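Worksheet: the structure to be examined is printed underneath.
Printed below as a string of structure tokens:
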């Protein structure tokens with residue numbers, strides 16, 4: 553097996569200018585992929601390109617709430633590289649932090665537009681590109697432990713992530729006929745620029761809070777761990793895995809936290 557796990561493959565990563573997405577760009581490129589960075593944070597996106605090298609990575613502005621921008625980003629990828637092997641649909645927002653009694657439905661709409669409708673449109677256009685070229689590709693989406701449990705995150709975010717798992721499973725059922733795999737990754741709490749801004753906390757504070765709640769002790773979950781999971785799902789090592797929600801949570805979603813074993 554080649555040490556370069558994505559050698560010669562082309563990947564499109566949304567939400568790739570910072571956090572999990574940026575870590576995935578670096579890891580995918582290190583493993584031989586040509587990567588298109590898609591985001592709305594233009595300055596940060598270009599910084600990611602410069603830090604890795606324009607021979608392997610390029611940037612394209614894309615607001616996933618606008619399907620036309622998604623279509624143009626996929627078109628850009630095809631014009632630049634001739635194909636698309638991997639989509640890592642990672643763009644998302646946390647949304648409003650209010651309780652259900654105060655929830656602004658317009659803010660819920662915006663969260664769903666980014667976290668669900670944007671992902672659906674991204675899957676649609678990426679899958680079209682793969683089918684047209686007979687590419688047995690891999691589509692990966694970022695969900696959350698909030699896709700499995702209630703009470704771990706704000707209502708709008710939790711709702712959107714539950715919906716996203718349904719979308720992944722539904723897309724899997726159709727795209728399998730074309731040899732395209734569709735999976736998602738559910739991380740536990742991570743200190744990313746997104747989470748730190750949303751909760752107005754320093755990275756060390758987010759990590760301390762997550763570690764206090766974690767089931768698996770002695771390790772701090774980092775964005776790089778999620779990038780490693782995405783690399784596995786993007787590579788041929790996961791060639792018969794589809795429709796799976798991979799929890800990268802140290803067992804958080806499978807234990808009863810009210811029970812303390814002796």
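Residue numbers (the working numbering): 553 to 814. The beta carbon of each residue, even a glycine, is placed where N, CA and C say it ideally should be. Everything numeric in this text was worked out from a predicted model, so none of it was measured.
Residue i classed as buried or exposed, judged by whether at least 16 other C-beta atoms fall within 10 angstroms
i	result
residue 788	exposed
residue 755	exposed
residue 578	buried
residue 670	buried
residue 729	exposed
residue 696	buried
residue 735	buried
residue 553	Any reading at residue 553 must be qualified, since the residue scores a pLDDT of 47, below 50, and its modelled position is unreliable; no value is offered.
residue 801	buried
residue 771	exposed
residue 663	buried
residue 597	buried
DSSP-derived helix/strand/coil call for residue i
i	result
residue 775	helix
residue 649	coil
residue 565	strand
residue 788	helix
residue 553	Bear in mind that the predicted position of residue 553 carries a pLDDT of just 47, short of 50, making it too unreliable to give a figure here.
residue 694	strand
residue 738	strand
residue 583	coil
residue 656	coil
residue 756	helix
residue 570	coil
residue 662	helix
residue 596	helix
Other residues of its chain near residue i: CB distance less than 8 Å, five sequence neighbours each side excluded
i	result
residue 649	706, 750 and 751
CB contact flag (residue i, residue j, <8 Å)
i	j	result
residue 739	residue 778	yes
residue 737	residue 781	yes
residue 776	residue 624	no
Own chain, CB closer than 7 Å to residue i, minus 5 neighbours either side, in chain order
i	result
residue 678	564, 626, 636, 639 and 691
residue 686	none
residue 732	679, 682, 688, 689 and 691
residue 581	587, 604, 608 and 609
Same chain, Cβ closer than 6 Å to residue i, neighbours up to 5 away in sequence not counted
i	result
residue 747	758
* **Three-pair Cβ contact test at 8 Å for the stretch 572-590 versus the stretch 657-672** => In short, these stretches do not touch, since the Cβ pair count stays below three.
* Asked: Using 8 Å as the Cβ pair cut-off and three pairs as the minimum, do the stretch 669-684 and the stretch 614-621 touch?
  -> Yes, the stretch 669-684 touches the stretch 614-621.
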